[in-house]
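Read in order, the letters of the sequence shown correspond to residues 654 to 1137 in our numbering. Note that CB positions come from ideal geometry on N, CA and C, so glycine has one too. This report refers to the structure that appears directly beneath it.
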Amino acid sequence: MPLQLSHRSRELEAMAPFRRSPDVHEPQDAVVTGTVPAWLQGDLLRTCPAVFAQGSWQARHWFDGLGQIYAFRIGASAVQFQSRLLDSEAAREIAAGRAQLSSFGTPTGRTPWQRLLQPVQRSTDNTNVNIVQMGDELVALTEGARQLRIDAASLRSLGVRPYARDGLDGCVMGAHPHRDFARGQVVNLATTFGAGGGVVSVYQHDDRERVRRVVGSWQTDRVPYMHSFGLTPSRVVLVAHPFAVRPRSMLWSNRGYIDHFEWRPQDGTRLIVMDRASGKATEHEADAMFVFHTVNAFERGGDTVLDALAYPNATIMDDLRVARMAERLPDLRPRLVRITMRSGRPRADVQALGDAGFEFPSIHYRMSSGSDYRYAWGAADGPQAEGGYASSIVKVDVRSGKSRAFSDGERIYGEPVFVARPGGVDEDDGVLLAVGCSQRTPASALAILDARDMTLRARVDVPAAIPLGFHGSFIRGSEQGGRP
Ligand SMILES: [Fe+2]
């Protein structure tokens, strides 16, 4: 078995969209075709899982690949590319032939004695899911107890972002924090596990703060895998789908985190609406679904509306295992659904919005987050009926359900990051920045699309294979506080 798995991990590394070219520590010029809007200046910073096999260690789940951070630096006259493998304790451990930190879906190598002494695995710092700005800091995130600060110029890790002893020590922080621009706050989830169950807390802090203040908590005996959540001005929405864990099963275990979770469709989906002022939570129910990503949430009078990308079940989690992906790339096209929760009605209303299935959603976050909105964008990646793998960037009008798409027939694209044109008033007045890796050659490109009509305005080619990753941020030149 180990030989076969090793073969699979290395096989994955050789395939688009997972192959990786050596690091580019110093920024190098990329080749620009087309016209980059003059107003678009700043850095696109992204993370991805990049190393799936090293020595005797093999990642068994896509989410366990050791992280890489990369940047497209868009200047007045040139675009530069830069990348660096993430310097983490997890990477150092694996390089030293140990793998004792927690993982998503790869067994750890702890001895029975180590397991006895430390029943709960130490949380990984392989922050390969997202990178966001908090105050002057760039912070790389995964689902874990540690977040890593990243030096924006060199992309080196500056160590763990410290938090005060605020009662949330050791909690699993989410990798999709929200920004509340009106209050200057970061809002995120923290899960703590106990032998009898778990507590999902919503916390917030000022951009630069180290103290996390709990807004409200929700207790449950089966803790669902919650990858993201909805935020409105006065409410938080949690999607408690029936892919959940009894925390005591994780004690003394060497299995990966997600390998303890169980799909129980008979439990249905619970939707928890938490009032941000009082912390009081009310629950609604819906049929079983599985959700990685919420798209947006807003209030409509007393109702709460959540738009999310829903899979019919949790088999996607197995489809993202390395052995499976080496055979067949996953179908990342969940349906966009609108979940409406009405005060006093236990049953939520779930409606499909249009026909386009996609992942890695994006909106005009500063304008539309938490309010009724019109446009969502995302990447639609999946096998084609006639063979091969299709990838496009889609735009969905959530009011009409109509969609349009961009594809170049060659590259597999990830999350399109929306960047608004300064001074623009329309929700789609801006560009999308999407990184795609070629299915034919070890090269990648940044596509700069007009977010209105989904046409290509410019393509930035780099002679480097960039693995498909998850999330990132565009940081405007004018917002790069504290940097030279
Ligand atoms: Fe995500």
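Exercise. Apart from the five residues on each side of it in sequence, which residues of its chain come closer than 8 Å, Cβ to Cβ, to Gly687?
Worked result: Ile1101, Leu1109, Arg1110, Ala1111, Arg1112
For this session: Verify whether the separation of the beta carbon atoms of Leu811 and Asp778 is less than 8 Å.
Result: no
Exercise. Regarding Ala828 and ligand 1, is the C-beta to nearest heavy atom distance less than 7 Å?
Worked result: yes
Problem set entry | Val975, buried or exposed, once every other Cβ within 10 Å from all chains shown has been counted against 16 | buried
Exercise. Measuring CB to CB, does Tyr1026 end up less than 8 Å from Asp1081?
Worked result: no
Exercise. Would you say His946 and His880 are within 8 Å of each other, going by their C-beta atoms?
Worked result: yes
Exercise. Just to confirm, are Ala1009 and Ser1044 a CB contact at a threshold of 8 Å?
Worked result: no
Exercise. Excluding five sequence neighbours on each side, which residues of the same chain lie with their C-beta closer than 7 Å to the C-beta of Gly1134?
Worked result: In this prediction, Gly1134 has a pLDDT of 48, which is less than 50 and means its spatial position is unreliable; what the coordinates show is noted afterwards. Excluding sequence neighbours, Gly1134 sits near Asp789.
Exercise. Buried or exposed: which applies to Asp912, given that a residue is buried once 16 or more other Cβ atoms fall within 10 Å of its Cβ?
Worked result: buried
Problem set entry | Pair within 8 Å by beta-carbon distance, Arg814 and Val792 | yes
Exercise. Around the C-beta of Arg1136, are 16 or more other C-beta atoms found within 10 angstroms, so that it is buried, or is it exposed?
Worked result: Bear in mind that the predicted position of Arg1136 carries a pLDDT of just 36, short of 50, making it unreliable; the figure below should be weighed with that in mind. With fewer than 16 Cβ atoms within 10 Å of its Cβ, Arg1136 is classed as exposed.
For this session: Report the three-state DSSP secondary structure of Gln919 (helix, strand or coil).
Result: helix
Exercise. Do we get a CB-CB distance below 8 Å when we pair Pro895 with the residues of chain D?
Worked result: Checking the listed chains, one finds no chain D in this structure; it contains a single protein chain.
For this session: Kindly examine ligand 1 and report whether one of its heavy atoms sits closer than 7 Å to the Cβ of His937.
Result: no
Exercise. Are there three or more Cβ pairs, one per stretch, closer than 8 Å when the segment 932-948 is compared with the segment 960-972?
Worked result: yes
Exercise. Do you know how far the Cα of Arg923 is from the Cα of Arg875?
Worked result: 12 Å
Problem set entry | Nearest-angstrom Cα separation, counted from Trp692 out to Gly1076 | 10 Å
Problem set entry | When Tyr964, Val1072, Arg1064, Ala743 are compared against Asp1114, the one with the closest alpha-carbon | Arg1064
Exercise. For Gly849, is the classification buried or exposed, using 16 other Cβ atoms within 10 angstroms of its Cβ as the cut-off for buried?
Worked result: exposed
Exercise. Residue ranges of each alpha helix (DSSP H) run of no fewer than 4 residues wholly in the segment 704-773, ordered along the chain?
Worked result: 742-748, 765-770
Exercise. Which residue comes first and which comes last in the alpha helix (DSSP H) that contains Asp971?
Worked result: 968-972
Exercise. From Gly1089 to Pro999, what does the alpha carbon distance come to, in whole angstroms?
Worked result: 43 Å
Exercise. What is the C-beta distance between Thr795 and Ala748, in whole angstroms, given that I count them as a contact (C-beta under 8 Å)?
Worked result: Not really, about 18 Å apart at Cβ, beyond 8 Å.
Exercise. Is any heavy atom in ligand 1 found nearer than 7 Å to the beta carbon of His831?
Worked result: no
Exercise. So, helix, strand or coil for Pro900, using DSSP?
Worked result: helix
For this session: Classify His913 as helix, strand or coil using the three-state DSSP reduction.
Result: helix
For this session: Taking all protein chains shown into account, decide if Arg981 is buried (16 or more other Cβ within 10 angstroms of its Cβ) or exposed.
Result: exposed
Exercise. Taking C-beta to C-beta, are Arg699 and Ile784 nearer than 8 Å?
Worked result: yes
Exercise. Of the choices Gly1040, Leu808, Ala805, Val853, whose alpha-carbon is the least far from that of Leu821?
Worked result: Val853
Exercise. Per DSSP, Gln872 forms a beta bridge with which residues?
Worked result: Val852
Problem set entry | Paired residues, beta bridge with Asp1103 - DSSP | Val1084
For this session: Inspect the beta-carbon positions of Asp928 and Arg866 and report whether they are closer than 8 Å.
Result: no
Exercise. What three-state label does DSSP hand Tyr816 in the structure shown?
Worked result: coil
Exercise. So which of Gly921, Tyr1042, Val1072, Ser931 has the shortest CA-CA distance to Asp1061?
Worked result: Tyr1042
Exercise. In its own chain, which residues sit with a C-beta less than 6 Å from the C-beta of Ser870, not counting the 5 before and 5 after it?
Worked result: Val852, Ser854
For this session: Pull up the CB-CB distance for Pro1120 and Phe725, whole angstroms please, since I reckon it's below 8 Å.
Result: Actually they do not touch by this definition, with Cβ atoms about 15 Å apart.
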